[in-house]
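Take any residue in the sequence shown, count from 1 to its spot, add 17: that is its number in our numbering.
Cβ coordinates follow ideal geometry from the N, Cα and C atoms, glycine included.
Since the model is a prediction, treat every value here as computed from it, not as a measurement.
I have placed the structure first, in the form of structure tokens, so that the comments after it can refer back to it.
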Amino acid sequence: MRPCYSRRRRREHASERARGGRCAAMTRTSSRRGRPNESSTEGRGAPSTRRRRPLAKASPRGEDPSVSLFVRTSTMPVPVERLAAWHFRPGALVRMIPPWIRARVVNPAGVAEGSRARMELRIGLMRFSWIAVHRQVTPGRSFVDEQEQGPFRSWRHAHRFLPDGNRRSRIEDHVEYEIPAGALGRLVTGPWVRSHLRRAFEFRHRRLAEDLARHAECPTAEPLRIAVTGATGLVGRELVPFLEGGGHQVRRVVRSTPDHERLEIGWNPREGRIDSRRLEGLDAVVHLAGAGIADKRWSPGRKEEIRRSRVEGTRLLAKTLASLSTPPRVLVSASAVGWYGDRGSREVDERSDRGNGFLSDVCADWERSTEEAEAAGVRVVHLRIGLVLSARGGALGTLA
């Protein structure tokens with residue numbers, strides 16, 4: 018005989034089955050959420066506990082629903098010692114800033130326990146300062162940046178450097194952050210912040226890999242001592258931190274009052290003054306200074322300024338280097354493709370004749386101004402630079 022169930026028992030049995038179905042559905046759904054891939058993950062709270070290789074260990078702060086987490090891991094083409102050393106050098110932070118972010122590093126220095134990194138940022142019409150303190154510094158292995166002042170309610174960025182064989186390494190960027198204004202702030206700005214972090218860290222890791230590979234292609238037995246004029250210009254702003262990231266000592270040649278603690282060298286081309294003592298014993302000088310050719314309308318006065326800023330400054334520098342008891346081995350002096358004039362679609366190279374016109378005349382005088390240094394035995398290299406493309410300035414910067 019079939020068992021007889023009361024109505025109450027049948028209702029209880031149906032309720033139990035319904036609860037079981039809901040629990041199973043919830044389990045299936047939760048296993049699909051927050052699943053990080055092996056390169057990056059982001060979201061609120063702790064990462065998924067699904068059985069995958071962990072990217073980073075979540076701290077107790079990660080259990081707080083107001084704390085968001087972002088992790089990115091990449092493999093680098095150098096041993097872990099070189100990867101870590103690059104991050105501890107003065108130029109690293111500047112090189113890591115994407116060109117679409119309007120930011121200025123106030124004190125580009127290396128990483129040490131308790132030291133601070135200061136940046137001035139602009140987002141739209143807003144301007145603010147960001148100060149981060151370096152903590153838990155373990156040379157060669159890791160360090161942490163904690164926001165002391167800035168746009169987030171809190172920000173903690175752990176940098177970890179891990180070996181991956183003898184010739185490769187891995188970097189892990191582990192960021193925990195809180196967006197201001199609570200749940201409303203997370204709802205309104207959370208997606209934008211996550212998208213921005215993904216884009217920014219993709220750039221950071223790509224730039225890091227390219228810089229490390231380039232330095233590995235040009236090894237030196239000892240770090241070089243290099244002076245750079247025009248260090249605040251479009252090219253100089255990129256070159257100086259790149260060289261510092263390679264471990265080289267860079268001395269900026271400046272028109273303002275020099276900061277000798279930062280190894281700056283003072284000069285004034287119009288007055289014919291330069292601190293020659295601080296140029297002694299250098300390995301190289303990179304000369305980039307000169308008035309911009311696209312900054313203002315070419316009035317007769319502006320054209321004279323373009324010519325004078327190049328010819329007089331270069332002549333002063335070459336004469337000074339020739340007079341040193343220990344001159345640099347090489348002078349890399351900027352020139353421009355304007356030397357060739359307007360050739361239409363024809364290809365030109367170093368063997369091509371000089372063109373005609375104002376820019377050709379300026380470039381010819383510019384290059385002749387290095388003759389004294391060359392006569393004194395300094396190797397002189399002229400860089401005939403074309404259009405420089407950067408979102409931080411020049412033609413692209415105007416459009417950005």
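In the structure shown, Ala308 falls within a coil segment according to DSSP collapsed to helix, strand and coil.
With a 10 Å radius around the Cβ and a threshold of 16 neighbouring Cβ atoms, Glu321 comes out exposed. Bounds of any beta strand (DSSP E) do not take in Trp103; it lies within the alpha helix (DSSP H) bounded by Val97 to His104. At a Cβ-Cβ threshold of 8 angstroms, Asp366 and Val328 do not count as neighbours. In the DSSP assignment, Asp162 forms a beta bridge with His151 and His174. If you compare the alpha carbons of Arg242, Ser342 and Ser186 with that of Ser293, the shortest gap goes to Ser342. Less than 8 angstroms divides the Cβ of Thr92 from the Cβ of Asp181. For the region 311-375, the full-length alpha helix (DSSP H) segments reaching 4 residues or more read 317-340 along the chain. Counting C-beta atoms within 10 angstroms of its own C-beta, Leu142 has fewer than 16 neighbours from the protein chains shown and is therefore classed as exposed.
Looking from the CA of Phe160, the closest CA among Arg170, Thr331, Gly167 and Arg133 belongs to Arg133. Setting aside the 5 residues that flank it on each side, Val302 is surrounded in the same chain by Ala244, Pro345 and Leu348, each with a C-beta closer than 6 angstroms to its C-beta; the list follows chain order. Between Pro240 and Asp300, the alpha-carbon positions lie close to 10 angstroms from each other. A distance below 7 angstroms between beta-carbons, with the five flanking residues on each side excluded, links Glu389 to the following residues of its chain, in chain order: Ala335, Lys336 and Ala339. Distance from the CA of Arg409 to the CA of Arg363, rounded to the nearest whole angstrom, comes to 30 angstroms. Within the DSSP secondary-structure output, Gly141 pairs in no beta bridge.
Per DSSP, the unbroken alpha helix (DSSP H) holding Phe218 starts and ends at Gly199 to Glu234. Nearest C-alpha to Phe169 among His191, Ser146 and Val128: Ser146.
Selection Thr246, His151, Thr90 and Pro258 evaluated against Phe178 yields Thr90 as nearest (Cα-Cα). Asn285 is positioned such that its CB atom lies closer than 8 angstroms to that of Arg272.
Leu214 and His151 have their C-alpha atoms some 20 angstroms from each other. Only residues of its own chain outside the window of five on either side were considered, and among them Val354 have a CB closer than 7 angstroms to the CB of Gly403, listed in chain order. Pairing Gly207 with Val192, the inter-Cα distance amounts to about 14 angstroms. For Val111, same chain residues with a beta-carbon under 6 angstroms away, outside a window of 5 residues either side, are Val122, Pro125 and Pro258 in chain order. Using a Cβ distance threshold of 8 angstroms, Ala308 and Ile323 count as a contacting pair. Sorting Ala393, Val88, Gln166 and Ile118 by C-alpha distance to the C-alpha of Arg135 places Gln166 at the top.
Taken in chain order, the complete alpha helix (DSSP H) segments of 4 residues or longer contained in the region 381-407 are 388-392. Scanning its chain for C-beta atoms nearer than 8 angstroms, with the 5 sequence neighbours on each side dropped, one finds around Trp356 the residues Arg371, Gly372, Leu376, Ser377, Cys380, Ala381, Glu384 and Arg401, in chain order.
For the 8 angstroms CB-CB criterion, Val95 and Ala238 do not form a contact. In the DSSP annotation of this structure, Phe87 is not part of any alpha helix (DSSP H); the continuous beta strand (DSSP E) holding it starts and ends at Val84 to Met93. A direct Cα-Cα distance of roughly 28 angstroms separates Leu280 from Ala230. Secondary structure at Ala109: helix, using DSSP grouped into helix, strand and coil.
By the neighbour-count criterion, in which a residue is buried when 16 or more other Cβ atoms sit within 10 angstroms of its Cβ, Leu256 is buried.
Here Leu179 carries a strand assignment [DSSP, helix/strand/coil]. An exposed status is given to Gly394, since fewer than 16 other beta-carbon atoms sit within 10 Å of its beta-carbon. Under the DSSP assignment, Gly253 falls outside any beta strand (DSSP E), being part of the alpha helix (DSSP H) whose first and last residues are Gly253 to Gly262.
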